[in-house]
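Chemist: I have a structure here, written as structure tokens, and I will follow up with some questions on it.
Residue numbers (the working numbering): 19 to 494.
Structure representation (structure tokens):
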């Protein structure tokens with residue numbers, strides 16, 4: 019493609035993403051974060067932004083919990099603009115990166131296949147995916163995580179045909195920001211390592227050179243992060259100390275969370291009907307309106323607990339919430355220990371007495387919830403326009419089709435990876451995101467799927483091309 023045509027597709031993608039951003043902003047219902055702020059926020063928003071605000075006001079990054087990959091960009095805008103405009107420009111930055119990501123991922127598909135049809139098909143499919151665009155107007159890390167994952171992969175693959183060290187260094191910087199956005203993506207670096215070894219296994223010096231160029235940005239910046247954490251806590255924390263944030267690492271959430279995960283229940287406390295709501299956790303509410311309708315499946319009960327045991331555990335939590343302001347620290351800790359011990363005993367008994375439930379059935383349940391939670395973000399619910407309901411059905415249908423065809427295609431691409439090893443990283447990202455969240459970490463929030471969604475779309479196009487191309491070759 020000519021430079022002029024390249025520029026057109028790039029600009030057009032950014033314009034569409036910005037247009038979708040303002041479309042979703044127009045339908046937003048949450049206006050209370052800050053007067054004049056355009057977008058939406060979530061429960062995690064403060065965890066990303068508050069440490070940066072504290073840094074500008076007090077000179078230290080506190081609370082020192084989340085890695086500053088998202089806050090870094092907010093801080094750059096905060097250097098120039100007042101807070102509300104820094105946040106608004108952060109949303110614009112997310113949408114612009116999202117448009118660039120559509121273009122680069124489509125270019126990658128076209129270059130890997132040498133097909134203009136693959137580029138155009140990928141481009142328009144990715145551009146029309148509202149599931150990813152929806153997160154551009156939220157103060158959360160999903161949008162930038164998706165974009166920086168695409169950027170890093172693009173420049174890494176580009177380094178194969180253009181061995182300039184700057185491609186590797188730039189890819190490594192983007193990968194570093196990806197990990198600082200979402201530490202869970204660090205193992206994706208293993209795919210880069212494997213591909214480099216595949217290509218340069220005949221030369222140790224070349225292999226080491228590529229590793230150094232790619233990983234040196236991460237080693238330097240993570241070293242600085244480790245040092246700052248050591249000064250604060252006097253211990254080495256390479257990434258993030260715990261999956262749970264400070265607001266969750268307490269007796270009113272944590273023990274019930276781990277217990278519910280053990281047997282594959284729903285721990286999303288904001289989701290009506292979720293089993294964890296039986297224990298009244300997640301907010302300052304003492305009880306949820308639907309508590310009496312929540313039923314625990316009989317298959318989870320063991321010799322250590324039954325329905326009455328869970329009722330007593332819930333009552334202990336409620337009592338502690340009511341008494342917490344009147345108890346001394348010692349009294350509160352003693353009652354907390356009883357609750358922790360109870361849920362720990364319940365969880366351990368499931369692992370020992372119900373191994374099939376713990377190892378297999380629970381993960382199948384968590385996988386289903388991960389892909390099809392009742393709170394999947396549908397960008398059209400908050401908007402009023404003709405044919406809205408038809409758009410909602412279309413979005414839900416395309417989401418399902420993308421999942422089915424995407425995972426099938428990710429398997430098919432592995433067959434062609436011997437000819438094009440780069441397919442390993444595209445397919446690997448798809449499978450890694452699916453494995454790491456509901457299977458290994460047992461987390462089911464559907465937004466964690468989002469960074470791999472564009473790759474699911476791309477692998478469908480690539481697998482289709484390779485199959486059709488193989489049939490043509492076979493006929494010849």
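Every residue, glycine too, gets a C-beta built ideally from N, C-alpha and C.
Would you be able to state if there are at least three C-beta pairs under 8 angstroms between the segment 468-475 and the segment 440-449?
Modeler: yes
Chemist: Since residue 70 and residue 89 should fall inside the 8 angstroms C-beta cutoff, what is the C-beta to C-beta distance between them, to a whole number of angstroms?
Modeler: 4 angstroms
Chemist: Between the alpha carbons of residue 419 and residue 429, how many angstroms are there, rounded?
Modeler: 16 angstroms
Chemist: Could you name the residues of the same chain whose beta carbon sits closer than 8 angstroms to that of residue 432, not counting the 5 residues immediately before and after it, in chain order?
Modeler: 441, 442 and 445
Chemist: So is residue 393 buried or exposed if we call it buried at 16+ other beta carbons inside 10 Å?
Modeler: With a pLDDT of 49 at residue 393, under the threshold of 50, the modelled position of that residue is not reliable, and no figure is offered here.
Chemist: With a threshold of 8 angstroms on Cβ separation, who are the neighbours of residue 285 within its own chain once the five nearest residues in sequence on each side are excluded?
Modeler: 274, 275, 278, 279, 292, 293, 294 and 462
Chemist: Which ranges would you report for the beta strand (DSSP E) in the segment 30-88 if only whole runs of at least 3 residues count?
Modeler: If we require 3 residues or more, the segment 30-88 turns out to have no beta strand (DSSP E) run fully inside it.
Chemist: Should residue 281 go down as buried or exposed, given a rule of 16 or more other Cβ atoms within 10 Å for buried?
Modeler: buried
Chemist: Whole angstroms are fine: how far does the CA of residue 346 sit from the CA of residue 324?
Modeler: Whole-angstrom Cα-Cα distance: 32 angstroms.
Chemist: Measure the alpha-carbon distance for residue 199 versus residue 353 and round it to whole angstroms.
Modeler: 36 angstroms
Chemist: Of the choices 288, 270, 326 and 317, whose alpha-carbon is the least far from that of residue 341?
Modeler: 270
Chemist: If residue 101 sits next to residue 52, beta carbons under 8 angstroms apart, how far is it from one beta carbon to the other, in whole angstroms?
Modeler: Correct: roughly 7 angstroms between the Cβ atoms.
Chemist: Residue ranges of each alpha helix (DSSP H) run of no fewer than 4 residues wholly in the segment 117-180, ordered along the chain?
Modeler: 134-145, 148-151 and 160-179
Chemist: Confirm, please, whether the CB-CB distance from residue 172 to residue 122 is below 7 angstroms.
Modeler: yes
Chemist: Closer than 8 angstroms is the cut-off here; do at least three beta carbon pairs connect the segment 141-150 with the segment 25-42?
Modeler: Contact holds between the segment 141-150 and the segment 25-42, because three or more Cβ pairs, one in each stretch, are under 8 angstroms apart.
Chemist: Just to check my reading of the structure: residue 183 and residue 231 have Cβ atoms closer than 8 angstroms, yes? What is that Cβ distance to the nearest angstrom?
Modeler: The Cβ separation is near 5 angstroms, so the contact holds.
Chemist: Give me the residue from 457, 404, 486 and 372 with the minimum Cα distance to residue 388.
Modeler: 457
Chemist: Helix or strand or just coil, what does DSSP make of residue 314?
Modeler: coil
Chemist: Expressed to the nearest angstrom, what Euclidean distance is found between the alpha-carbon atoms of residue 133 and residue 106?
Modeler: 38 angstroms
Chemist: Between residue 209 and chain C, is any beta-carbon pair separated by less than 7 angstroms?
Modeler: Chain labels in this structure do not include chain C; a single protein chain is all it has.
Chemist: Within its chain, find whatever has a CB closer than 7 angstroms to the CB of residue 214; leave out the 5 residues flanking it on each side and keep chain order.
Modeler: 225, 228 and 229
Chemist: Distance check for residue 320 and residue 151, CA to CA, integer angstroms please.
Modeler: 45 angstroms
Chemist: Please report the distance separating the alpha-carbon of residue 135 from that of residue 43.
Modeler: 33 angstroms
Chemist: Once DSSP output is grouped into helix, strand and coil, what is the label at residue 391?
Modeler: coil
Chemist: State buried or exposed for residue 210, treating a residue as buried only when at least 16 other CB atoms are found within 10 Å of its CB.
Modeler: buried
Chemist: Quick one: what does DSSP say residue 215 is sitting in, helix, strand or coil?
Modeler: helix
Chemist: Since residue 348 sits in a beta bridge, which residues does DSSP pair it with?
Modeler: Answer is none; residue 348 lacks a bridge partner.
Chemist: Need the endpoints of the alpha helix (DSSP H) that residue 245 sits in, please.
Modeler: 222-251
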